[in-house]
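The sequence shown begins at 1 in the UniProt record's numbering and counts up one residue at a time.
Beta carbons are placed, not taken as given, at the ideal position from N, Cα and C, and that holds for glycine.
Remarks on the structure that follows.
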Amino acid sequence: MALYPFYFLVDSLYHLSNTKVMPTYTISKMTDFSDQQIDQIRLLEKRCASFDASNLRVGIESLKEVHGDEAFLCYNEDQLIGFLSWYTSDRIEANINAMVHPDFRRNGIFRSLLNNALADMHHIDIQHCLFRIPSNSQSGIDCIQHIDADLSHSQFSMTFNSIQDNIACYNHLHLKVAEKKDIAFLVYCFVQAFGDSASWTKEYLENTSKEPTRLTYLALDKSHPVGMIRVNTIQTSTAVIHDFCVLPTVQGNGYGRNILAQLITLLQDQQYTEIRLSVVTANRQALSLYQSVGFKISAEFYYYSLPLVSISK
1 MALYPFYFLV
11 DSLYHLSNTK
21 VMPTYTISKM
31 TDFSDQQIDQ
41 IRLLEKRCAS
51 FDASNLRVGI
61 ESLKEVHGDE
71 AFLCYNEDQL
81 IGFLSWYTSD
91 RIEANINAMV
101 HPDFRRNGIF
111 RSLLNNALAD
121 MHHIDIQHCL
131 FRIPSNSQSG
141 IDCIQHIDAD
151 LSHSQFSMTF
161 NSIQDNIACY
171 NHLHLKVAEK
181 KDIAFLVYCF
191 VQAFGDSASW
201 TKEYLENTSK
211 EPTRLTYLAL
221 DKSHPVGMIR
231 VNTIQTSTAV
241 IHDFCVLPTV
251 QGNGYGRNIL
261 AQLITLLQDQ
271 QYTEIRLSVV
281 TANRQALSLY
291 QSVGFKISAE
301 FYYYSLPLVS
311 ISK
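Below, the structure written as structure tokens:
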């Protein structure tokens, strides 16, 4: 299943018990998306990352009133001390981000935030939660192992550095924004590359294509489609490449590097200064491809999956 990964930060092994949150703590759903509110979340993220010496990134750029992540906040009087957000691309699996201020851990704050999110997840029949933990976050690893989550896979987060000069240019290859009529090929290409079912893939592509910040490009060799690549633009300066695949029958002909190079040039022309993507660590062929184009590894994350029913016990 193709995943758009996110980060999970633990407050403690013991937070996953039924410890009650102290009465002075207030938890509410996020409805204020002002700069002032976002700045509070950003400051908490910075504090937690510094304390844990981890690659904490809770997806602040995805917090928006329309087509944004769901989020819950925990306050101690006027101080933001806890945060949890989640999203789903397929209404089956929820991707969770969370953090708790170091001075307020071991008080059940994470568990209370999670319980609020679980209530919403039950309403849309979410089946699994996916937790992303930095490989250098021992507290996160200890916690997720304590609740018996299964390690699904690991990924490298990569950031574009500079385009390589030795990429041959294929004049017969070009990108075009995909249209509704292209859905059959997109589903076929996706299924061939990632192995997901056609029904899941079609629903996933149709649901995520409704998001105004996401674009799907079709890669054409002359008039023949050979691959696809998608971009999620964040704010005005960041673009995240994902769901990139080339038909297995034409792989090994240099299409991958050319598609990436063309898209990077396009994004740079549109003034995107930060271009990111993720790759499964076991996929060394893809990793080598991205590095050959100019991407550098910025962090490594472990992904753990846990059924919703197990968390709710």
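Check	Outcome
Using 8 Å for Cβ pairs, my map puts F190 next to D125. What's the rounded Cβ distance?	No, F190 and D125 are not in contact; Cβ-Cβ is about 23 Å, not under 8 Å.
Spatial neighbours of Y290 within its chain, please: C-beta separation below 8 Å, excluding the five flanking residues on both sides.	M158, L260, L277 and V279
Kindly indicate which three-state DSSP category L308 falls into: helix, strand or coil?	helix
What residue does the alpha helix (DSSP H) around H123 start on, and which one ends it?	I109 to H123
Which first and last residues belong to the alpha helix (DSSP H) in which E45 is found?	D35 to D52
Tell me the rounded alpha-carbon separation between Q271 and I41.	26 Å
Work out the CA separation of L118 and L175 for me, nearest whole Å.	40 Å
Taking 8 Å as the cut-off, decide whether the C-beta atoms of A98 and L80 are in contact.	no
Once DSSP output is grouped into helix, strand and coil, what is the label at Y303?	strand
Do T238 and E274 come within 8 Å of each other at the CB atom, strictly closer than that value?	yes
Shortest alpha-carbon distance to Y87 belongs to which of Y217, E211 and C143?	E211
Under 7 Å: does the beta carbon of T88 sit that close to some heavy atom of the ligand SAM?	Among the components of this structure there are no ligands whatsoever, and the ligand SAM is therefore not found.
In whole angstroms, what separates the C-alpha of V309 from that of L130?	13 Å
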